[in-house]
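**Q** Got a structure for you, questions after.
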Amino acid sequence: ADPALPEPPETCDAEAEEKARRKFERLVKERDEMGPVNLRAEIEVAEAERQIAAIEAEHAEIGTAIAKLRGSIGHLNREGRERLAQVFVQVDQHFQALFTRMFNGGRAHLALVGSDDPLQAGLEIYAQPPGKKLATLSLLSGGEQALTALSLIFAVFRCNPAPVCVLDEVDAPLDDINVERFCALLDDMVRETGTRFLVVTHHPLTMARMDRLYGVTMQERGISRLLSVDLRAAERLVEPERMAAE
Numbered sequence: 007a008d009p010a011l012p013e014p015p016e017t018c019d020a021e022a023e024e025k026a027r028r029k030f031e032r033l034v035k036e037r038d039e040m041g042p043v044n045l046r047a048e049i050e051v052a053e054a055e056r057q058i059a060a061i062e063a064e065h066a067e068i069g070t071a072i073a074k075l076r077g078s079i080g081h082l083n084r085e086g087r088e089r090l091a092q093v094f095v096q097v098d099q100h101f102q103a104l105f106t107r108m109f110n111g112g113r114a115h116l117a118l119v120g121s122d123d124p125l126q127a128g129l130e131i132y133a134q135p136p137g138k139k140l141a142t143l144s145l146l147s148g149g150e151q152a153l154t155a156l157s158l159i160f161a162v163f164r165c166n167p168a169p170v171c172v173l174d175e176v177d178a179p180l181d182d183i184n185v186e187r188f189c190a191l192l193d194d195m196v197r198e199t200g201t202r203f204l205v206v207t208h209h210p211l212t213m214a215r216m217d218r219l220y221g222v223t224m225q226e227r228g229i230s231r232l233l234s235v236d237l238r239a240a241e242r243l244v245e246p247e248r249m250a251a252e
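If you count the sequence shown from 1, you need to add 6 to reach this note's numbering.
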């Protein structure tokens, strides 16, 4: 017999036997509830520990990457604020000068509103045409809004010119005097920035100031034709006849 196990009594009374039986049944029930023995438990525990270690390593790497990204974002935001502040001052200066030229007087300026952070702030345009009170853009008339918007567009182009700019009927709300001012400024912008302006217009004065005209006509129903006229070449052709007539 195993010396570690107690020797069973030679005799036992009914009460002790019943107590032993109940204990045996309880132990059998606990054994059955435990289910079958998993012989791979040790291997599975080792595998789970390896997976946990890998996940913890990935978590640490992700934390490091997040910290680097936050640092980069902070650097970009600081640089963005500095550049925006510099460009805003330049655009505002050009805008003030162009507004006064377009209106032949008056004054205007730009303002960042809604936040102390330039990256989160909105832009408000304040304008005072000659003889009127200072107001926001929304309170101006249609023609005044068009001239103010053009002043802002050209101010941006003076700071950072683009190769091409498309203006779609921006002269529609303007009278003849303001159309002439617009065209004169457009000529100056071409010389200053080298930008090619594509102007969609129905105004005769604007068309007369362009270098080349493109038109679409429909001589036959359902068939459109594109026409092109080089105004400068046409002027050179008729110049001798005009001088002869004079």
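Glycine is no exception: its CB is placed at the ideal position from the N, C-alpha and C atoms.
For clarity, every value in this text was computed on a predicted model and none was experimentally measured.
1) Is it buried or exposed, Pro-135, if we count other Cβ atoms within 10 angstroms and call 16 or more buried?
2) In three-state DSSP terms, what is His-65?
3) For the candidate residues Val-119, Gly-111, Ile-72, Ile-79, whose alpha-carbon lies nearest to that of Phe-94?
4) How many angstroms separate the CA atom of Val-196 from the CA atom of Ala-71?
5) Spatial neighbours of Leu-104 within its chain, please: C-beta separation below 6 Å, excluding the five flanking residues on both sides.
6) Relative to the C-alpha of Phe-210, which residue among Phe-203, Gly-111, Leu-180, Arg-113 is closest?
7) May I have the straight-line CA-CA distance separating Thr-201 from Val-172, to the nearest angstrom?
8) Give the secondary structure of Glu-226 by DSSP, where H, G and I count as helix, E and B as strand, and everything else as coil.
9) Taking buried to mean at least 16 other C-beta atoms within 10 Å of its own C-beta, is Gly-228 buried or exposed?
10) With distance defined between alpha-carbon atoms, name the residue in Arg-215, Met-216, Ser-234, Asp-217 nearest to Thr-223.
11) Could you please give me the residues that DSSP links to Leu-233 through a beta bridge?
12) Helix, strand or coil, according to DSSP, for Gly-149 in the structure here?
13) Taking all protein chains shown into account, decide if Met-40 is buried (16 or more other Cβ within 10 angstroms of its Cβ) or exposed.
14) How do the segment 46-63 and the segment 81-88 stand: do at least 3 beta-carbon pairs fall below 8 Å, yes or no?
15) Do you know how far the Cα of Lys-74 is from the Cα of Glu-36?
16) Between Met-213 and Ile-183, what straight-line distance do the alpha-carbon atoms span, to the nearest angstrom?
17) How about Ala-114 and Ala-133: do their beta carbons lie closer than 8 Å?
18) May I ask which residues mark the beginning and end of the alpha helix (DSSP H) holding Arg-280?
19) Does DSSP classify Asp-174 as helix, strand or coil?
20) Distance, Cα to Cα, Arg-231 vs Leu-219?
21) Taking Cβ positions, are Thr-207 and Glu-186 nearer each other than 8 Å?
**A** Result, derived from the coordinates:
1) Working through the sequence shown from its first residue, we reach residue 135 at position 129. Flag for Pro-135 reads buried.
2) Sequence index remark: in the sequence shown, residue 65 carries index 59 (1-based). Reduced to three states, the DSSP call for His-65 is helix.
3) Here residue 94 is taken as the residue at index 88 of the sequence shown, counted from 1. Closest by alpha carbon: Val-119.
4) Against the sequence shown, residue 196 aligns to sequence position 190. Against the sequence shown, residue 71 aligns to sequence position 65. Approximately 48 Å, taken between the alpha carbons.
5) Reading the sequence shown from its first residue, position 98 is the one you call residue 104. Ser-157, Phe-160, Ala-161.
6) Indexing the sequence shown from 1 puts residue 210 at position 204. Note on residue identity: the sequence assigns Pro, not Phe, to residue 210. If we check each option's Cα against that of Pro-210, Leu-180 comes out closest.
7) Position 195 of the sequence shown, counting from 1, holds the residue named residue 201. Position 166 of the sequence shown, counting from 1, holds the residue named residue 172. One C-alpha to the other measures close to 10 Å.
8) Within the sequence shown, residue 226 is the residue found at index 220, counting from 1. Glu-226 carries a strand assignment under DSSP once its states are collapsed to helix, strand and coil.
9) As a first step, residue 228 is located in the sequence shown; it is residue number 222 there, counting from the start. Exposed, by the Cβ-count rule.
10) Within the sequence shown, the letter at position 217 stands for residue 223. Of the candidates Arg-215, Met-216, Ser-234, Asp-217, Ser-234 places its Cα closest to the Cα of Thr-223.
11) As a first step, residue 233 must be located in the sequence shown, where it is residue number 227. Gly-221.
12) To locate residue 149, count along the sequence shown from 1; it is residue 143. Three-state result, Gly-149: helix.
13) Position 34 of the sequence shown, counted from the first residue, corresponds to residue 40. The residue is exposed, with fewer than 16 neighbouring Cβ atoms inside 10 Å.
14) no
15) For this step, residue 36 is matched to residue 30 along the sequence shown. For this step, residue 74 is matched to residue 68 along the sequence shown. One C-alpha to the other measures close to 54 Å.
16) Residue numbering aside, residue 213 sits at position 207 when the sequence shown is read from its first letter. Residue numbering aside, residue 183 sits at position 177 when the sequence shown is read from its first letter. Roughly 15 Å between the two C-alpha positions.
17) To locate residue 114, count along the sequence shown from 1; it is residue 108. To locate residue 133, count along the sequence shown from 1; it is residue 127. Yes, they are a contact pair.
18) The requested residue 280 does not occur in the structure, where the chain is confined to residues 7 to 252.
19) Residue 174 sits at position 168 when you count from the first residue of the sequence shown. Note: Asp-174 maps to strand in three-state DSSP.
20) Numbered from its first residue, the sequence shown carries residue 231 at position 225. Numbered from its first residue, the sequence shown carries residue 219 at position 213. Approximately 14 Å between the Cα atoms of the pair.
21) Within the sequence shown, numbered from 1, the residue matching residue 207 stands at position 201. Within the sequence shown, numbered from 1, the residue matching residue 186 stands at position 180. No. Outside cutoff.
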